[in-house]
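In what follows, a structure is listed as structure tokens, so that the remarks can point back to it.
4 protein chains.
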Amino acid sequence: MRGAERLVVGVLGASGYTGAETLRLLARHPKLAIGPVCANAQAGRLLAEVFPHLAELGDRRLEAIEAVDWNACDVVFSCLPHGSSQDVIEQLPARVTVIDLSADYRFRDASVYEATYGVKHKAPARSRRAVYGLTEFAREALADADLVACPGCYPTATLLTLLPLVKAGLIAADRLIIDAKSGVSGAGRGLKEANLFCEAAEGLHAYSVGNHRHAPEIEQELSHAAGRPVMVSFTPHLVPMTRGEYVTIHADLVAGADAAAARAALEAAYAGEPFVHVLKPGAVPDTRHVRGTNRAAIAMVADRVPGRIILIGAIDNLVKGSGGQAIQNLNVMMGWTETLGLDLPALFP
Amino acid sequence: MRGAERLVVGVLGASGYTGAETLRLLARHPKLAIGPVCANAQAGRLLAEVFPHLAELGDRRLEAIEAVDWNACDVVFSCLPHGSSQDVIEQLPARVTVIDLSADYRFRDASVYEATYGVKHKAPARSRRAVYGLTEFAREALADADLVACPGCYPTATLLTLLPLVKAGLIAADRLIIDAKSGVSGAGRGLKEANLFCEAAEGLHAYSVGNHRHAPEIEQELSHAAGRPVMVSFTPHLVPMTRGEYVTIHADLVAGADAAAARAALEAAYAGEPFVHVLKPGAVPDTRHVRGTNRAAIAMVADRVPGRIILIGAIDNLVKGSGGQAIQNLNVMMGWTETLGLDLPALFP
Amino acid sequence: MRGAERLVVGVLGASGYTGAETLRLLARHPKLAIGPVCANAQAGRLLAEVFPHLAELGDRRLEAIEAVDWNACDVVFSCLPHGSSQDVIEQLPARVTVIDLSADYRFRDASVYEATYGVKHKAPARSRRAVYGLTEFAREALADADLVACPGCYPTATLLTLLPLVKAGLIAADRLIIDAKSGVSGAGRGLKEANLFCEAAEGLHAYSVGNHRHAPEIEQELSHAAGRPVMVSFTPHLVPMTRGEYVTIHADLVAGADAAAARAALEAAYAGEPFVHVLKPGAVPDTRHVRGTNRAAIAMVADRVPGRIILIGAIDNLVKGSGGQAIQNLNVMMGWTETLGLDLPALFP
Amino acid sequence: MRGAERLVVGVLGASGYTGAETLRLLARHPKLAIGPVCANAQAGRLLAEVFPHLAELGDRRLEAIEAVDWNACDVVFSCLPHGSSQDVIEQLPARVTVIDLSADYRFRDASVYEATYGVKHKAPARSRRAVYGLTEFAREALADADLVACPGCYPTATLLTLLPLVKAGLIAADRLIIDAKSGVSGAGRGLKEANLFCEAAEGLHAYSVGNHRHAPEIEQELSHAAGRPVMVSFTPHLVPMTRGEYVTIHADLVAGADAAAARAALEAAYAGEPFVHVLKPGAVPDTRHVRGTNRAAIAMVADRVPGRIILIGAIDNLVKGSGGQAIQNLNVMMGWTETLGLDLPALFP
């Protein structure tokens, strides 16, 4: 399939925000044709009714997964919730390349998944083999992947910001404190009181304090990079904005390292990267400046407290943190230009 | 003056948000009569034109400071910016009790003020004597104060959350990491591009990363409580909401301490406090639940990372972080019931 | 009961926004004691868990309606949805005075109610006798009422703005065009996709175009005032704010009338009213300036188009449009000072 | 120039929102190369500093207008404020095609401009000849234009919604009532108190009631279409959202016309239009569904009041209401595909 000129892609879970965003991006990809668009709970409805902003996709209807002939599909993006995603993926024909946006195949060790998500894994071996699709660090592995597990949105922002420094051994990987902030779209389109406008506007609160599900995912990757098990403090907050994810990370430099070395490591890691931008000294990332794009903006600042640095990463949770990175991964898998379909300008103001 | 039945109060800097909020609260205080309301740049304008929500205050006009006979005033609340505030306060007659909401008298050591704010202090000795008005920790000193320096909004939320634990020696005071979030009103009513709706809505960014002015103020008080000099990492963020301030603090327990002891210390410190509420286990503070009130909501959660706890504090920056605490301080100074004029319900949703 | 010194009040439907707001106001009313607080779907839960901002109401639990001894209650505020409200109200003992905030008893002619709401009325005779509690126009009737039907939020803003002019015969009552805008709390706390933050923030849309349920209610009262049946064009919009309701009304002056006469009629109608303020020429109402209060701000402007005027009314939908007006009505019924418990300052910014 | 393969375009007033949006769109236009980017007040600064979301435009600096050799430029988009725009445009070499986004050349009769904007017109004859660039109604004229005056944002939404019906004589053109709502970006990036986050969030107010500057512009075009002078009632409101413009128009059908005929006229007028979509019966426009796009969404609903219809139009004020329509006009002038550079998906949520 690598190098193919045109593929047919299906989308599972198309009635949620992740599904909608994936479709928005797919619609403009020059080498992808949108095939079946599934959302069992809304099967039969017009996509343009469920998501009027996708009117350009025409009179397409949402389908039930069971009603689709998957053999006519080359690639499937699964935007289903964890648990449901593996149920469907394990039933797809082997010819279909799967890009999973859920948590189901992110863990090399399925028992960590099971402990974290409280769901039995149906295919632990496949989870072990799946490629963890943090694109900038996964290009080689993606070339041969048959299943890609796209990182969670928080892990994407966090790992892009931290990995170069952990790999270079410049910061104490076991003393990291990650304070994260997300827009409300990160919680999905499900009907929960906490996501009502009147509950989420004009205020702020932390959630899952001390035990968020993305911590073990971050730890898996940092431990791998550090070469030893590490734990992180990770505290997310819900911010009254629709899109955007922001991590502010407090790190101790190891003895002998300084802020300049940390900056140099970040700049070297991302020199030439189309989507990851290390900001110039003095500039601070802002979710507004990456809104609607697949970009990550990263900054490093020396703290007043000697020996500490502050690292900041900003992404659009629905693009680089979800549908955009998924397509970026497919582009790499296919040997295509990595920015294909993803060269969107940021929407500001 | 202590025990007086009724005082006349003046407000300096009444055309900003802090001034307006102080007036909103003063208007309902049973023992205070509003005297001169000053805002030099807008002198002569009707208060109800500058702040139509204060229509109930009638046809009062803003005055120039120089035009007022301050001898007819018992108390002055200064809501002027730092620098300007000391200029005016040092000219007031000695009979006037001053509650300063600016940073001008918060530092015992004026050289720290000068280094932090880049302004020469006119009255270092008075600054040394001023009472740092974090009410719950200043009641004794307030009884004899002639000048009260109200804490900054971030220091208020931070210190209320930390002081009981630092005083009890339960957490490592020199490894504290404070991630703070503020609504836009914290930046005042001044015309800055960053505070425009289109720049501040629907997104998030950190600011003053690594060097915010409130860090030295927090350190002064924590050092005092710890009995030795400490530094803190303090990183504030601007959140698309009008009111509210939120601090998420990461602390290491000292050897021998545990989360239960930390909780017990917080609960003991604030048992019976009318305005500081330690939430039950499982509850997380939310700025929405204290909006418009003088309350602080505080929580403590044991982190997944052994030996660490997460402390959270939420206040309304314009009330407990500003005008409300100022009035609370005056109530204490006068020997009045501390909640006088401050028994407002929270506005939710 | 009139002139009683203290009453016990119960609240039905206390887990919605209207219920919460009624409780927020009741908590500070000097002559009312909060009795049973009911919400069948959440019976048994702590009120402070369902609405943490009401923490001051202590360890009170939500109760099931059936579990309450209503004979110990003097007054009941029903914040139940239409349909459910009459079901419960018709079962209450006769001694209980009822203030209904739903639509159930607003129509003198139950068949209009039935056509509008698609619900059979259980007590058409009682609906005919109920007092339509637009307080400023209902004081006499309220003195003898046993059941008060509080107006809808849109009708409140609309009728306060229009009634003096229709009564005076200054505007063409059958050519009125009412363009209304509401914050999201007007839609309640129910779980609907349209009320999710991501669906309601950062955008605007009209709804119920051409057939909103509040049009017949407005027409009932305008027809009564005009002395002949009138119809109105009424188009509501959902605005990304939590509280606030705004009506912009386009009216044709009748022959011989002019804008000055219209202004004079409004000013005369509301001179001395504590809660209805006709703004000075040049000032425009803003929902922010009445937020959290029982006030209505009204303005009249002569249009560029000769013979037309533009009328604007702004209220807080949860206060004057709901819980506040309900308490104002009770104050009138009891012969108490009308502002009792309602002298709240506006929360701005 | 018509049919050219590639043009160099300059942008005047590039430090405002309109300028930024024009640049965002130009950056992706396959036949346009961005030349000089001017903003006198910020000349010398990096564009990426002034608008970090445009980082993709590289290390380009803002220039002073006087410093540019305009002979190297084929087309200029002027995003300057009215008054300033004509000052600069009248100095440009004749070879430069001008697309003016200000109000300066929108009026055939310069005296109307002067009365409306309080500014003397420097080139009344040129204003008379300028093409009023409401693209869908200006294609023929655009082919020969040397100067295009892009419509205001409100007139764009209003005229697209009304023109087919006024031209067809189906509605009473002299009884139109236009209730308009705009996001805050419509007010530009200038520093005004009313545009601060704390003043514009969480509330709503009308402005320029009875005398907004866009009314005469709308009237010019409607009068032209109606074949006789007409006046309109036009009342705009500021809504707490960044982008989006919404007009709700109340119209009387003429004798003999009905809602079906009105719908048919709209559908016929816009059949095949790439950017103007008449929604199906039952669907209501939403600014969210056109955000970031050059689309207009239009709906027509029969009112409950016989003989009246409600017309609704929604656009993104910065795209179809500004930079997008400007580029659409250039595409038409050049004989290019009209959607070039404008095939952007809507950003939702």
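Chains as they are written, first to last, in the numbering used here: chain P, 209 to 557; chain Z, 209 to 557; chain Y, 209 to 557; chain C, 209 to 557. Built from N, CA and C at the ideal position, the CB exists for glycine as well.
Helix, strand or coil for G529 (chain Y)? Go by DSSP, reduced to three states. For the purposes of this step, residue 529 (chain Y) is identified with residue 321 of the third sequence, where counting begins at 1. Three-state DSSP puts G529 (chain Y) in a helix.
Can you tell me whether DSSP reads P238 (chain C) as helix, strand or coil? For the purposes of this step, residue 238 (chain C) is taken as the residue at position 30 of the fourth sequence. Residue state, collapsed to three classes: coil.
Where L526 (chain C) falls, given that 16 or more other Cβ within 10 Å makes a residue buried: Looking up residue 526 (chain C) in the fourth sequence gives position 318. Looking at its Cβ environment, which holds 16 or more other Cβ atoms inside 10 Å, L526 (chain C) is buried.
Under 7 Å (Cβ pairs) to chain Y, residues found in the region 301-315 of chain Z: none
Under a CB-based cut-off of 9 Å, is P363 (chain Z) close to chain P? Taking the second sequence and counting its residues from 1, one reaches residue 363 (chain Z) at position 155. Cβ-Cβ to chain P under 9 Å: no for P363 (chain Z).
Using a Cβ cut-off of 7 Å, pull out every chain P residue sitting near R575 (chain C), in sequence order please. For chain C, the structure presents residues 209 to 557; residue 575 (chain C) sits outside this window and is missing.
Counting C-beta neighbours from all protein chains within 10 Å, is the total for L399 (chain P) 16 or more, i.e. buried, or is it exposed? Translated into positions along the first sequence, residue 399 (chain P) becomes position 191. Under this definition L399 (chain P) is an exposed residue.
So which residues on chain P does L262 (chain Y) lean against when the C-beta distance must stay under 8 Å? Numbered from 1 along the third sequence, position 54 holds the residue referred to as residue 262 (chain Y). Within 8 Å Cβ-Cβ: nothing; L262 (chain Y) doesn't reach chain P, min ~15 Å.
Chain Y partners of D494 (chain C), CB-CB under 8 Å? Within the fourth sequence, numbered from 1, the residue matching residue 494 (chain C) stands at position 286. Within chain Y, the residues near D494 (chain C) are G411, L412, H413.
Neighbour list for H497 (chain P) in chain C, Cβ cutoff strictly below 7 Å: Within the first sequence, residue 497 (chain P) is the residue found at index 289, counting from 1. Within chain C, the residues near H497 (chain P) are P260, H261.
Are the C-beta atoms of G500 (chain Z) and some chain Y residue less than 9 Å apart? Taking the first residue of the second sequence as 1, we reach residue 500 (chain Z) at position 292. Yes - at least one Cβ of chain Y is within 9 Å of the one on G500 (chain Z).
For the putative contact between I307 (chain Z) and V327 (chain Z), defined by C-beta atoms under 8 Å, what is the C-beta separation to the nearest angstrom? As a first step, residue 307 (chain Z) must be located in the second sequence, where it is residue number 99. As a first step, residue 327 (chain Z) must be located in the second sequence, where it is residue number 119. Actually they do not touch by this definition, with Cβ atoms about 20 Å apart.
CB contact check: H422 (chain C) to chain Y, cutoff 9 Å: Numbered from 1 along the fourth sequence, position 214 holds the residue referred to as residue 422 (chain C). Chain Y contact via Cβ: absent.
Exposed unless 16 or more other CB atoms sit within 10 angstroms - verdict on S319 (chain P): One-based indexing of the first sequence puts residue 319 (chain P) at position 111. Classification of S319 (chain P): exposed, given that the 10 Å Cβ count is below 16.
Report the partner residues of Y321 (chain P) according to the DSSP bridge assignment. Numbered from 1 along the first sequence, position 113 holds the residue referred to as residue 321 (chain P). DSSP lists no partner for Y321 (chain P).
Which residues bound the beta strand (DSSP E) around K389 (chain Y)? For the purposes of this step, residue 389 (chain Y) is identified with residue 181 of the third sequence, where counting begins at 1. Taken as a continuous stretch (DSSP letters only), the beta strand (DSSP E) holding K389 (chain Y) covers 385-390.
At 9 Å on the CB atoms, spell out the chain C contacts of V392 (chain Z), in chain order. Here residue 392 (chain Z) corresponds to residue number 184 of the second sequence, with the count starting at 1. Those are L404, F405, C406, A409, listed as they occur along chain C.
Whole-angstrom Cβ separation of G411 (chain Y) and G452 (chain C), contact assumed at under 8 Å? Taking the first residue of the third sequence as 1, we reach residue 411 (chain Y) at position 203. Taking the first residue of the fourth sequence as 1, we reach residue 452 (chain C) at position 244. Right, their Cβ atoms sit about 6 Å apart.
List the residues that DSSP assigns as beta-bridge partners of R269 (chain Y). Taking the third sequence and counting its residues from 1, the one referred to as residue 269 (chain Y) is at position 61. DSSP lists Y:L254 as partners of R269 (chain Y).
Of the residues Y:R512, Y:A505, Y:K528, the one placed nearest G394 (chain Y), counting alpha carbons only: Here residue 394 (chain Y) refers to the residue found at position 186 when the third sequence is read from its first residue. Checking every option, the nearest Cα to that of G394 (chain Y) belongs to Y:K528.
8 Å contact criterion, which L552 (chain P) and G515 (chain P) should meet: CB distance rounded: What you label residue 552 (chain P) is simply residue 344 of the first sequence in a count that begins at 1. What you label residue 515 (chain P) is simply residue 307 of the first sequence in a count that begins at 1. L552 (chain P) to G515 (chain P), Cβ: 40 Å. No contact.
What residue does the beta strand (DSSP E) around H445 (chain Y) start on, and which one ends it? By one-based count along the third sequence, residue 445 (chain Y) stands at place 237. Its beta strand (DSSP E) spans residues 441-446.
What residues of chain Y sit near T369 (chain C), judged by a beta carbon separation below 7 Å? Numbered from 1 along the fourth sequence, position 161 holds the residue referred to as residue 369 (chain C). Chain Y residues near T369 (chain C): none, gap ~13 Å exceeds 7 Å.
Which partner residues does T456 (chain Z) have in the DSSP bridge list? In the second sequence, residue 456 (chain Z) corresponds to position 248, counting from 1. Answer by DSSP bridge pairing, in chain order: Z:D387, Z:I520.
Could you confirm whether any beta carbon from chain P is found closer than 9 Å to the beta carbon of P557 (chain C)? Residue numbering aside, residue 557 (chain C) sits at position 349 when the fourth sequence is read from its first letter. It does: the Cβ of P557 (chain C) has a partner Cβ on chain P nearer than 9 Å.
Chain Z contact for R451 (chain Y) (CB, 9 Å cutoff): Numbered from 1 along the third sequence, position 243 holds the residue referred to as residue 451 (chain Y). For R451 (chain Y), the answer is yes, since a Cβ of chain Z falls inside 9 Å of its Cβ.
Short-range partners of chain Y found in the region 506-520 of chain Z, where Cβ spacing is below 7 Å: none
Helix, strand or coil for Y558 (chain Z)? Go by DSSP, reduced to three states. For chain Z, the structure presents residues 209 to 557; residue 558 (chain Z) sits outside this window and is missing.
Give the DSSP bridge partners of V509 (chain Y), in chain order. Counted from its first residue, the third sequence places residue 509 (chain Y) at position 301. DSSP lists Y:I518 as partners of V509 (chain Y).
Let me check understanding here. Comparing Cα to Cα, which of Y:H237, Y:G218, Y:F315, Y:A280 lies closest to R269 (chain Y)? The count along the third sequence starts at 1 and reaches residue 269 (chain Y) at position 61. That would be Y:G218, whose Cα lies nearest to the Cα of R269 (chain Y).
I'd like to know whether the C-beta of L399 (chain Y) is nearer than 9 Å to at least one C-beta of chain P. As a position in the third sequence, residue 399 (chain Y) is number 191, starting the count at 1. Chain P contact via Cβ: present.
P557 (chain Y) (DSSP reduced to helix, strand or coil): Within the third sequence, numbered from 1, the residue matching residue 557 (chain Y) stands at position 349. Here P557 (chain Y) sits in coil by DSSP.
Looking at chain C, which residues of the region 211-233 of chain Z have a Cβ within less than 9 Å of any of its Cβ atoms? Y225
Between which residues of its own chain and L555 (chain Y) is the CB-CB distance below 6 Å, once the five residues before and five after are set aside? On the third sequence, residue 555 (chain Y) is found 347 positions in, with the first residue counted as 1. Counting only Cβ-Cβ distances below 6 Å, and skipping sequence neighbours, we find R499, G500.
Strand pairing of C246 (chain Y), partner residues [DSSP]: Residue numbering aside, residue 246 (chain Y) sits at position 38 when the third sequence is read from its first letter. In DSSP, C246 (chain Y) forms a bridge with Y:L220, Y:E271.
Can you list, in chain order, the residues of its chain whose CB lies under 6 Å from that of D387 (chain Y), leaving out five sequence neighbours each side? Mapped onto the third sequence, residue 387 (chain Y) falls at position 179. Only T443, T456 meet the Cβ criterion.
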